[in-house]
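Taking the numbering used here, the leading residue of the sequence shown gets 3, the next gets one more, and so forth. Even glycine gets a Cβ: it sits at the ideal position worked out from N, Cα and C. If you're wondering where the values come from, they're calculated on a predicted model, not measured in any experiment.
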Amino acid sequence: MIIALTGIDGSGKSTAARALVSSVRAQGGRALLLSNHAGRRVMSLLAARLGVRVPVQLADAVETALRVGNVLVSHLRARRFDGLVVMDRHLHCQLALRAANGLPRGQFLPWLLARLPQPDAIVHLDIDPAEAHRRIVSRGTDSENLADLAAFQAGYRELPEYAGFVKVDASVPKEQLMAELLWRLADVGGNGLRHIPLDALSLQKRGRARIEKSWPAP
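Here it is, written out as structure tokens:
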């Protein structure tokens, strides 16, 4: 079973991916975390240090090459793993960045997406750009401006694939987000659920019940 996590910077993709894998493993299940980063943080930090601005087209070319390479390796590893595979980011992230930067989708990424094994679910961590910006400033490891985050959010929502994403509210506390992710995972169903022990599923159902009292399901 493969799920991919998407979302703008500051939505908590990497944190949620690590927590989800750790939760499943802690309950005796099999889970594998695979990261499909594109080097954006490194490039932005390097550009800031050098006092230069990387041209959008050049940044996209570098990011696309790195992202595609990571995604291909991740799918090869996923084929050999019998358990839950959590992918932190996917090609949809690059397509959303292209839309945010006013670049065309192109033909290669959509072509590749259509030929790769489809994740059982693409979970989109939805968050207000202002809250995402606050988180980024708070962690102090990189920098993003609010306008770019808003454009990134709009880029995701413009994707034709976005309608099929499973949207979750990423602004809630970590415990609530984890319960929601496990509930969504159970909702997807399929053979992948055999890798999540029953006590973990019962735990997320109780967490889901508490969540529904405090905020509506997305």
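Item	Value
In DSSP terms, what A61 is bridged to	Answer by DSSP bridge pairing: none, since A61 is not bridged.
Neighbourhood of D144 by C-beta, 7 Å cutoff - its chain only, sequence neighbours within 5 removed	R43, S46, L47 and I138
Beta strand (DSSP E) segment containing S140, residue limits	Run containing S140: none in the beta strand (DSSP E); it sits in the alpha helix (DSSP H), P131 to R141.
K176 classed as buried or exposed, judged by whether at least 16 other C-beta atoms fall within 10 angstroms	exposed
Closest Cα partner of T66 within the set C95, S76, P57 and S24	C95
Reference S75, options H39, L60, G104 and L97, closest by Cα	Looking at the sequence provided, one finds Val at residue 75 rather than Ser. Selected option, being the one with the closest Cα: H39.
Local Cβ density within 10 Å of A80, reported as buried at 16 or more and exposed below that	buried
Beta-carbon proximity check, D90 vs L36, cutoff 8 Å	yes
The stretch 116-136 / the stretch 146-164 touching (three or more Cβ pairs under 8 Å)	yes
Residue interval of the alpha helix (DSSP H) (run including L97)	L93 to A102
Environment of D242 [buried if 16+ CB atoms lie within 10 Å]	Beyond the ends of the chain as shown, which are 3 and 220, falls residue 242; an answer cannot be given.
8 Å Cβ cutoff met for I124 and A6	yes
Supposed contact pair L93 and K115 - C-beta distance, whole angstroms, cut 8 Å	The sequence shown places Leu at residue 115, not Lys. The pair is a contact, with the Cβ atoms about 5 Å apart (cut-off 8 Å).
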